[in-house]
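In the order they appear, the protein sequences are chains A and B.
Count along the first sequence from 1, add 16, and you get the number used in this note's numbering.
Count along the second sequence from 1, add 24, and you get the number used in this note's numbering.
Heads up, the thing below is written out as structure tokens.
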Amino acid sequence: MAFSSIIFLFYFLPLFLLAYLALPAARMWVIIAGSVLFYAWGEPFYLGLLLLFIVMNWWLGLRLERAPPALARALLVLGVGANLLLLGGFKYTGFLLTQLDALLRGLGLPALPVPSIPLPLGISFFAFQGISYLMDIRRREVAAQPSLAKFAMYKTMFPQLIAGPILRYRQIAHEIGDRRIDPARFRLGIELFIAGLAQKVLIANTVALPADQIFALPPGSLTAATAWLGAVCYMVQIFFDFSGYTTMAIGLGHMLGFSLPPNFNRPYAARSVTDFWRRWHMSLSSWFRDYLYIPLGGNRHGPWRTYANLLAVFALCGLWHGAAWTFLAWGLYHGLFLILERAAGHRPALAAWGARVPLPLRHAYLLLVVLAGWVLFRADTLGHAGQVFAAMAGLGTGGAETLPVAFYAPASVWTALGAAVLMVLWKRDPARWTAAAAGTPRSERGDLRLALRFAGGAVLLAVSAAVLAAGTHNPFIYFRF
Amino acid sequence: MRSWRGPKLERLLIGIFLVLLCLPVFAQLTKWRPGGSFYENRPPASAPGWPRSWAEVERAPARLAAAANDRFGLRAVLLRLNGKLRYAAFGELPSEQLTPGRNGRIFFNSHHAGQALSLIRESCGIGLTPADLDQGADGIAEMLQAFGAVAPRVLYMGIPTAAVLYRDALPAWLEHRCATAQPLAEALRGRFAARWPALLPQVVVPTAALLEMGRDGGDPAIPPDNFHWEGQAGQRMAALAAARLGLPALGPLPARRVSRITDLEQFLPGLPFRHPALVPDPAGGGLEFCQNRPCLPALAPVQPAINEMTVAERRSGEGPRVLLLSDSFGLRMADFMGAYAGRLLHLNFAYDRMTPERLRLARRVLIEEFRPDVILVVQHDGGMRGAASFSRQLLGP
């Protein structure tokens with residue numbers, strides 16, 4: 017059930033919020049019940065698996081906390097291994113078997129049966145949550161949660177269950193038993209939810225249409241203009257889709273009294289790939305930093321080991337996004353640029369030259385690198401990506417069936433792209449989105465501003481709902497009789 | 025957990041948000057339907073019953089979501105809002121099957137969702153090979169010969185649609201694309217002339233006559249907001265067909281101008297475009313007239329496969345029996361064809377809903393019992409390459 021669906025917006029969410037507000041003594045159970053229903057809606061078959069891993073991580077956390085060091089280490093290995101097995105088993109078995117099958121066929125050996133394994137929703141998120149929970153307990157950074165129900169609430173909480181941000185237990189441990197859900201915070205949650213919905217529906221969905229159409233074209237029929245348009249639209253789509261969804265999740269979190277961590281900080285305003293990864297999918301990049309890069313040695317063992325660590329982390333980061341060569345290539349591609357930037361930083365002459373490069377050029381460099389990365393990410397195969405790159409380089413001639421840019425990008429698409437650029441340039445203070453800021457006393461003028469902002473939000477909600485409704489309409493011309 | 029407290033404004037705003045979210049469910053439960061409803065190319069999804077197996081449990085969420093999408097309260101209001109906003113803000117139309125052109129003209133570009141521009145490509149003749157044209161021409165000949173065996177006079181009229189008639193109103197890139205090809209209707213007629221010269225008098229492609237309309241400030245053959253032509257064109261084309269068939273007018277058929285809503289209404293929620301239309305006064309012309317109702321009791325079992333039907337009968341009973349078989353372009357012509365017939369039967373069948381039994385019954389009623397003096401087949405350019413299906417379906421292969 018996507019947040020930007022009719023069933024969520026007009027059925028699940030109002031019923032859930034009414035129950036949550038009407039039953040203050042049972043809010044934890046309302047969250048659990050709502051979240052289980054939310055998950056079961058998409059994956060009834062895997063609900064048992066989710067619950068099993070909740071119990072397993074909770075039990076291991078308790079044992080781990082009290083175990084002597086040797087046993088604790090074994091329990092940690094067991095817990096992390098189980099979470100990785102869960103992730104690997106469902107996400108990568110099919111991919112690995114397909115590669116093995118291709119290899120065997122290439123050697124003239126009998127084919128290997130490749131089972132089709134449906135992927136449990138949100139598996140990458142809840143596996144990483146489980147790992148961070150156990151590792152944080154082992155590091156004594158957080159106490160294990162003694163209540164299975166409270167732990168289940170953390171693990172299943174629907175706002176972040178299937179698309180993040182990757183919420184570490186220690187980030188909200190203090191709110192599990194003592195949540196502040198005053199009206200100011202609830203209102204802030206509403207504003208964020210609507211802002212995220214509008215990002216997703218009005219910007220991401222609008223540019224998704226040309227992106228999907230262009231990436232579905234036979235590569236031979238691409239011209240340079242259409243290829244660039246497809247890549248730019250996808251670049252905007254993926255950010256506003258993911259950022260919109262995360263903003264909705266953070267808003268829902270505030271309504272429930274939880275502070276979900278921010279996941280994006282104007283990533284396309286970055287000035288280098290290194291800077292980009294401090295701003296993009298921050299809950300994932302910080303997870304890899306804390307639980308993989310630093311344990312691997314980070315940058316503490318010389319430049320070559322640092323480069324190797326970076327490459328390993330970004331290869332895994334790519335694979336985390338999906339089991340395909342394109343994702344692996346995307347991860348390695350970013351890792352390579354991080355290494356290049358780090359290596360350049362180590363050479364004083366290069367670093368000094370880099371510092372003198374005008375800011376717009378640095379932005380342009382970052383945007384080009386990221387844009388090319390998204391082509392790798394979006395393409396069906398590496399070959400497909402190569403053909404899109406070739407078209408972008410002006411080597412695509414198009415064909416008789418090729419349609420011009422004007423067909424794919426009517427005024428609404430250009431408007432969405434323009435709005436996206438403005439939003440990327442607009443410097444917002446993330447501190448405004450915290451519960452503490454929401455509770456700051458206001459003047460009368462502040463009240464008026466708030467009411468006007470809320471009225472604007474209501475209009476955005478209505479417009480987003482209208483656009484969503486349009487997606488359900490399937491008209492027919494032969495209607496007369 | 026601290027208690028729920030805060031200033032009144034915050035509570036008011038939260039209340040408004042919750043009311044907004046609950047409105048659709050409220051409207052659905054109370055059957056409050058502002059904004060009416062829309063016809064669609066499928067029945068709206070229904071909520072599934074209580075699941076009786078695990079497979080049904082797994083399917084239930086998707087089915088419930090589909091039912092919610094089709095039936096949520098205020099859907100029509102939101103669809104209209106989307107149409108209005110999109111048009112006002114961007115000049116765009118809320119369906120991929122419509123292409124906004126210049127001078128306010130709207131082009132219906134495809135009969136099916138997911139095949140954008142397919143109709144315009146076909147009408148403009150883009151991508152057609154000589155073999156395609158030969159096959160289409162032979163199909164028209166086959167149809168004329170087959171109907172010629174059961175009726176003394178047969179005429180086929182192929183109608184060029186708006187993309188051909190008003191090419192200069194297409195978006196510039198599409199106009200350029202159309203200009204690279206020969207319009208299908210004319211191209212087919214050209215191939216037909218070369219392959220079947222003896223049958224050529226039985227084929228009419230009235231491009232020039234249709235283009236002439238609207239030149240002197242009068243109504244164009246196809247109103248800017250319509251897919252189909254209007255009565256003005258229907259009246260002229262009926263006269264043209266009658267002249268070609270040698271059918272004299274059996275009396276005057278008065279007509280009046282009305283304002284009619286666009287026939288693309290279902291694609292344009294919230295945008296009720298209107299245009300002037302000429303409608304006949306059959307009673308004033310001495311005709312018993314029945315349209316788009318079950319006008320022929322004998323065809324009742326075929327009714328589910330009939331898109332449109334017209335029966336016009338001269339009270340004096342004199343005049344030829346005319347059978348007008350058509351696609352949706354026949355309707356406005358049928359309005360006026362009664363002026364040249366003692367009895368006119370007009371049918372637009374949905375052949376995909378025909379069964380062998382229904383076809384047998386239609387054949388018996390329309391061919392064996394009605395025994396038409398004239399068979400007139402009217403079809404727009406989007407279907408001309410399949411003209412043979414008219415006779416293949418009704419008469420059998």
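Glycine included, each C-beta is placed from N, C-alpha and C at the ideal position.
Computed from a predicted model, the values in this text were never measured in an experiment.
**Closer than 7 Å at the beta carbon, the chain B residues around Ala481 (chain A)** = Start at 1 with the first residue of the first sequence, and residue 481 (chain A) comes out as number 465. Those within 7 Å of Ala481 (chain A) in chain B are Leu102.
**Prompt:** For the region 53-72 of chain A, which residues have a beta carbon sitting closer than 8 Å to at least one beta carbon of chain B?
**Reply:** Taken in chain order, the members of the region 53-72 of chain A whose beta-carbon sits within less than 8 Å of a beta-carbon on chain B are Ala56, Trp57, Gly58, Pro60, Phe61.
**Message:** Against chain A, with Cβ distances strictly below 8 Å, would Arg99 (chain B) count as a contact?
**Reply:** For the purposes of this step, residue 99 (chain B) is taken as residue 75 along the second sequence, with counting starting at 1. Interface residue, yes.
**Request:** Quick one: list the residues of chain A neighbouring Val81 (chain B), beta-carbon separation under 8 Å, in chain order.
**Result:** Translated into positions along the second sequence, residue 81 (chain B) becomes position 57. Under the 8 Å cutoff, chain A gives Pro60.
**Prompt:** Is Phe132 (chain B) helix, strand or coil when you go by DSSP?
**Reply:** Indexing the second sequence from 1 puts residue 132 (chain B) at position 108. Three-state result, Phe132 (chain B): strand.
**Prompt:** Just reading off the alpha helix (DSSP H) that Phe322 (chain A) is part of, what are its end residues?
**Reply:** On the first sequence, residue 322 (chain A) is found 306 positions in, with the first residue counted as 1. The question names Phe, but residue 322 (chain A) is Thr in the sequence shown. Thr322 (chain A) -> alpha helix (DSSP H) spans 319-337.
**Item:** Any C-beta of chain A under 8 Å from that of Cys46 (chain B)
**Value:** Residue 46 (chain B) sits at position 22 when you count from the first residue of the second sequence. So yes, Cys46 (chain B) belongs to the interface.
**Request:** Flag Asp94 (chain B) as yes if its beta-carbon sits less than 8 Å from any beta-carbon of chain A, otherwise no.
**Result:** On the second sequence, residue 94 (chain B) is found 70 positions in, with the first residue counted as 1. Answer yes: the Cβ-Cβ gap between Asp94 (chain B) and chain A drops below 8 Å somewhere.
**Prompt:** Which runs of the alpha helix (DSSP H) spanning at least 4 residues fall entirely within the region 164-223 of chain B, listed in chain order?
**Reply:** If one requires a minimum length of 4 residues, the alpha helix (DSSP H) runs lying completely within the region 164-223 of chain B are 186-189, 196-203, 208-219, in chain order.
**Under 7 Å by beta carbon: chain A residues contacting Asn106 (chain B)** = The residue given as residue 106 (chain B) occupies position 82 in the second sequence. Neighbours of Asn106 (chain B) across chain A, judged by C-beta separation under 7 Å: Ala482, Val483, Ala485, Ala486.
**Message:** In whole angstroms, give me the CA-to-CA distance for Val49 (chain B) and Trp253 (chain B).
**Reply:** Against the second sequence, residue 49 (chain B) aligns to sequence position 25. Against the second sequence, residue 253 (chain B) aligns to sequence position 229. Going by the C-alpha atoms only, they are around 41 Å apart.
**Item:** Extent of the continuous beta strand (DSSP E) run through Leu61 (chain B)
**Value:** For this step, residue 61 (chain B) is matched to residue 37 along the second sequence. It is Ser, not Leu, that sits at residue 61 (chain B) in the sequence shown. For Ser61 (chain B), there is no enclosing beta strand (DSSP E), since its DSSP letter is neither H nor E.
**Asked** Does the beta-carbon of Lys443 (chain A) have 16 or more other beta-carbons within 10 angstroms, so that it is buried, or is it exposed?
**Response** Counting from one through the first sequence, the residue named residue 443 (chain A) turns up at place 427. Lys443 (chain A) is classed as exposed because its beta carbon has fewer than 16 other beta carbons within 10 Å across all chains shown.
**Item:** Contacts of Leu88 (chain B) in chain A (Cβ-Cβ under 8 Å)
**Value:** Position 64 of the second sequence holds residue 88 (chain B). Simply Ile23.
**Request:** Report yes if the CB atom of Ala485 (chain A) is closer than 8 Å to the CB atom of Asn372 (chain B), and no otherwise.
**Result:** Here residue 485 (chain A) corresponds to residue number 469 of the first sequence, with the count starting at 1. Here residue 372 (chain B) corresponds to residue number 348 of the second sequence, with the count starting at 1. No, the Cβ-Cβ distance between Ala485 (chain A) and Asn372 (chain B) is not below 8 Å.
**As assigned by DSSP and simplified to three states, the class of Asn221 (chain A)** = Counting from one through the first sequence, the residue named residue 221 (chain A) turns up at place 205. The answer is helix: DSSP assigns Asn221 (chain A) an H, G or I state.
**Prompt:** Helix, strand or coil for Ala374 (chain B) per DSSP?
**Reply:** Mapped onto the second sequence, residue 374 (chain B) falls at position 350. Here Ala374 (chain B) sits in coil by DSSP.
**Request:** Could you spell out the range, first to last residue, of the alpha helix (DSSP H) harbouring Gln16 (chain A)?
**Result:** As shown, chain A starts at 17 and ends at 497. That puts residue 16 (chain A) outside it, with no answer to give.
**Message:** So if I threshold CB-CB distances at 7 Å, which residues from the region 202-219 of chain A count as touching chain B?
**Reply:** Answer in chain order: Phe202, Arg203, Ile206.
**Message:** If contacts are defined as beta-carbon pairs under 8 Å, then Leu368 (chain B) and Val335 (chain B) qualify, I think. What distance do you get, rounded to the angstrom?
**Reply:** Within the second sequence, residue 368 (chain B) is the residue found at index 344, counting from 1. Within the second sequence, residue 335 (chain B) is the residue found at index 311, counting from 1. Sure, about 7 Å apart at Cβ, within 8 Å.
**Request:** Going by DSSP, name the residue or residues bridged to Gln315 (chain B).
**Result:** Reading the second sequence from its first residue, position 291 is the one you call residue 315 (chain B). Looking at the DSSP assignment, Gln315 (chain B) forms a beta bridge with B:Thr334.
**Asked** Should Leu29 (chain A) be flagged as near chain B, meaning a C-beta pair shorter than 8 Å?
**Response** By 1-based counting over the first sequence, the position of residue 29 (chain A) is 13. Closer than 8 Å: yes.
**Prompt:** Helix, strand or coil: how does DSSP classify Thr109 (chain A) here?
**Reply:** Against the first sequence, residue 109 (chain A) aligns to sequence position 93. Residue state, collapsed to three classes: helix.
**Request:** Pull up the distance between the alpha-carbon of Leu194 (chain B) and that of Pro244 (chain B), whole angstroms please.
**Result:** For the purposes of this step, residue 194 (chain B) is taken as the residue at position 170 of the second sequence. For the purposes of this step, residue 244 (chain B) is taken as the residue at position 220 of the second sequence. So the two alpha carbons sit approximately 16 Å from each other.
**Prompt:** Count the other CB atoms within 10 Å of the CB of Leu411 (chain A); is the residue buried (16 or more) or exposed (fewer)?
**Reply:** If you number the first sequence from 1, residue 411 (chain A) lands on position 395. Classification of Leu411 (chain A): exposed, given that the 10 Å Cβ count is below 16.
**Request:** Quick one: grab the DSSP three-state call for Pro124 (chain B).
**Result:** Taking the first residue of the second sequence as 1, we reach residue 124 (chain B) at position 100. Taken through DSSP and simplified to helix, strand or coil, Pro124 (chain B) comes out as strand.
**Message:** How far does the alpha helix (DSSP H) with Leu411 (chain A) in it extend, from its first residue to its last?
**Reply:** In the first sequence, counting from the first residue as 1, residue 411 (chain A) sits at position 395. Where Leu411 (chain A) is concerned, there is no enclosing alpha helix (DSSP H), given that its DSSP letter is neither H nor E.
**Prompt:** Would Arg496 (chain A) count as contacting chain B if we go by Cβ distances under 8 Å?
**Reply:** Within the first sequence, the letter at position 480 stands for residue 496 (chain A). Residue confidence for Arg496 (chain A) is low, a pLDDT of 36 falling below 50, so the modelled location carries little weight and cannot support an answer.
**Request:** Starting from the C-beta of Gln52 (chain B), find all residues in its chain whose C-beta is less than 8 Å away, skip the five residues before and the five after it, and write them out in chain order.
**Result:** For the purposes of this step, residue 52 (chain B) is identified with residue 28 of the second sequence, where counting begins at 1. Result list for Gln52 (chain B): Arg95, Phe96, Gly97, in chain order.
**Request:** Please report the Cβ distance between Phe171 (chain B) and Asp249 (chain B), rounded to the nearest whole angstrom; I am assuming they are in contact, meaning their Cβ atoms lie under 8 Å.
**Result:** Within the second sequence, the letter at position 147 stands for residue 171 (chain B). Within the second sequence, the letter at position 225 stands for residue 249 (chain B). Actually they are not in contact, since the Cβ atoms of Phe171 (chain B) and Asp249 (chain B) sit about 35 Å apart, beyond 8 Å.
**Message:** Quick check: is the beta carbon of Ala193 (chain B) nearer than 8 Å to any beta carbon in chain A?
**Reply:** The residue given as residue 193 (chain B) occupies position 169 in the second sequence. Chain A contact via Cβ: absent.
**Asked** Based on the DSSP secondary-structure assignment, which residues constitute the bridge partners of Pro304 (chain B)?
**Response** Along the second sequence, read from residue 1 onward, the residue named residue 304 (chain B) stands at position 280. Note: Pro304 (chain B) sits in a beta bridge opposite B:Ala279.
**Request:** Could you tell me whether any Cβ in chain B is nearer than 8 Å to the Cβ of Ala425 (chain A)?
**Result:** If you number the first sequence from 1, residue 425 (chain A) lands on position 409. Between Ala425 (chain A) and chain B, the shortest Cβ-Cβ separation is not below 8 Å.
**Three-way DSSP call (helix, strand, coil) for Leu29 (chain A) in this model** = By 1-based counting over the first sequence, the position of residue 29 (chain A) is 13. Leu29 (chain A) falls in the helix class under three-state DSSP.
**Alpha carbon of Gly399 (chain A) to alpha carbon of Pro136 (chain A), nearest angstrom** = Residue numbering aside, residue 399 (chain A) sits at position 383 when the first sequence is read from its first letter. Residue numbering aside, residue 136 (chain A) sits at position 120 when the first sequence is read from its first letter. If I take the Cα positions, the gap works out to 29 Å.
**Asked** Shorter than 8 Å from the beta carbon of Thr262 (chain A) to some beta carbon of chain B?
**Response** In the first sequence, counting from the first residue as 1, residue 262 (chain A) sits at position 246. Chain B, which has no Cβ nearer than 8 Å to the Cβ of Thr262 (chain A), makes this no.
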